[in-house]
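Counting along the sequence shown from 1, when you hit position 199 you're at 199 in the working numbering, and nothing is skipped either side. Note sheet for the following structure.
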Amino acid sequence: MPGKVPPDELAAHVFSRTGADDERVLQGPALGEDAAAIDVPAGTLVVSSDPISLAAADAGALGVRVACNDVAASGGEPRWLTVVCMLPTDDGDAFDALSRALHDAASDAGVTIVGGHSEYVDALDRPLLSLTAMGFADPFVPTGGATTGDRVVLAGAAATEGSAILAADFGDELAVDDETVERASEFLDDVSVTPAARALRGAATAMHDPTEGGIAAGLVELAAASGVDVEVDRDAIPVRAETETLCGAAEVDPLRIFGSGALLATVPESALEDRLSALRDAGIDAAAIGTVTGASDGTVSLDGETLSSPPTDELYPLWEAADARE
């Protein structure tokens, strides 16, 4: 099954194999952590890398937003990007469109592309991108900072990115009206969580950007990184009407498909209403969806269902079935 490398394999092959020790690394590779944090003379530099492999038509814009999200979710202000671009051989038109999209999205986000690498590869039939975003955080906010008694906040809605993917890749196949598909296809414009992170970072004990596996996976990653249990009220999680319609037609759970566009955070009870108000003032829908209930190895109770490992994203079987039909 494609998708993220499972946590047990990361623990076995990545987290203990990080090269030379460096006391300036404040946060290195760890389950659920959105970015690294490095102590440099100018402050805390936050660095994160992300690939884009499945959204060829929107790879440039989506890549910039997703890469910047991880810096923002760690309390940073995204400033710089590097881009590695692997292209189908001799597809110069694709390179022109992609570089224009990267430029436009970076300009809109206020970040500068400072380097990278571009290459044509015979084996590819679509562009592959890997972007590294950098910025300074004051303070750095980890995924693993939640403490007992904190309230869990979701800024944005579930499956924003997943809804756009459903519309783009399966809209013609699903029994869904054209207007719903058209509206959902525009959700990629809403995947940036940088404004939400700005509103939350002054009080948040933890923040996390749910991506593959959606809100459910993001909650498990936050709980595991923090070593806490979390209880969540599913009915409190914002889900757009278009998302409900598309997910119902595709028979997938909106909490278990790509979740970029939402930001999970934990805040002390005393700061909850102030942070929700700050999000509303910024024009961002948000809700308190749960509570950190105690220290543990990290489990999530979702209306009685107990999750102890991130679920597999439910869009992958749809892509596999579509490939099998071709």
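A virtual CB, placed ideally from N, CA and C, is assigned to each residue, including glycine.
Helix, strand or coil for residue i per DSSP?
i: G218; result: helix
i: D140; result: According to the sequence shown, residue 140 is Phe rather than Asp. Coil, per DSSP.
i: D229; result: strand
i: V297; result: In the sequence under discussion, the amino acid at residue 297 is Asp, which differs from the Val named in the question. Coil at D297, not helix or strand.
i: P311; result: coil
i: G3; result: coil
i: P317; result: helix
i: L87; result: strand
i: G76; result: strand
i: V66; result: helix
i: L124; result: coil
i: E305; result: strand
i: A282; result: coil
i: A30; result: coil
i: G19; result: coil
i: S107; result: helix
i: D50; result: strand
i: T291; result: strand
i: V252; result: coil
Going by Cα to Cα distance, which pick from the options is closest to residue i?
i: T147; options: D108, T211, A225 and S49; result: A225
i: T44; options: L31, S118, G60 and R24; result: R24
i: D104; options: A73, T89, M86 and G60; result: G60
i: A35; options: A322, D22, G3 and V66; result: V66
i: A155; options: A286, D22, E305 and F187; result: A286
i: T312; options: V267, A271, G294 and E221; result: E221
i: P29; options: V40, P195 and R17; result: R17
i: A295; options: F187, E186, V230 and L315; result: V230
i: A345; options: A184, E77 and D178; result: The question about residue 345 has no answer here: the residues shown for the chain are numbered 1 through 326.
i: I289; options: T299, A278, C68 and D303; result: D303
i: P195; options: D96, D50 and A109; result: A109
i: L26; options: A278, D177 and A137; result: A137
i: G227; options: D58, V40, G32 and V193; result: G32
i: A250; options: G76, D70, A20 and A321; result: A321
i: T243; options: A12, G3 and F187; result: F187
i: V292; options: L307, V267, V239 and L246; result: V267
Would you list the one or two residues that DSSP bridges to residue i?
i: L264; result: L154 and H208
i: T160; result: None, per the DSSP bridge assignment.
i: V14; result: For V14, which the question treats as bridged, DSSP gives no partner whatsoever.
i: L45; result: I38 and F136
i: C239; result: The amino acid at residue 239 is misidentified as Cys; the sequence shows Val. None; V239 has no bridge partner.
i: H117; result: V84
i: T112; result: W80
i: L102; result: In DSSP, L102 forms no bridge with anything.
Cβ of residue i less than 9 Å from any chain B Cβ?
i: L255; result: The structure shown contains no chain B; it is built from a single protein chain.
Task: Stretch-stretch touch, CB-based, cutoff 8 Å, three pairs: the region 211-225 with the region 251-268 - done: yes
TODO: Specify whether the region 137-146 and the region 199-208 touch according to this definition: at least 3 beta carbon pairs, one from each stretch, less than 8 Å apart.
DONE: yes
- [ ] Flag this pair as touching only if the region 152-160 and the region 260-280 have three or more C-beta atom pairs under 8 Å; answer yes or no.
- [x] yes
Task: Entirely enclosed alpha helix (DSSP H) segments - the region 164-223, minimum 4 residues - done: 178-185 and 194-200
Task: the region 82-89 contacting the region 118-130, beta-carbon criterion three pairs below 8 Å - done: yes
Open item on the list: Could you check whether the region 166-176 touches the region 37-53, counting it as contact only if at least three pairs of C-beta atoms, one from each stretch, sit closer than 8 Å?
Closed with: no
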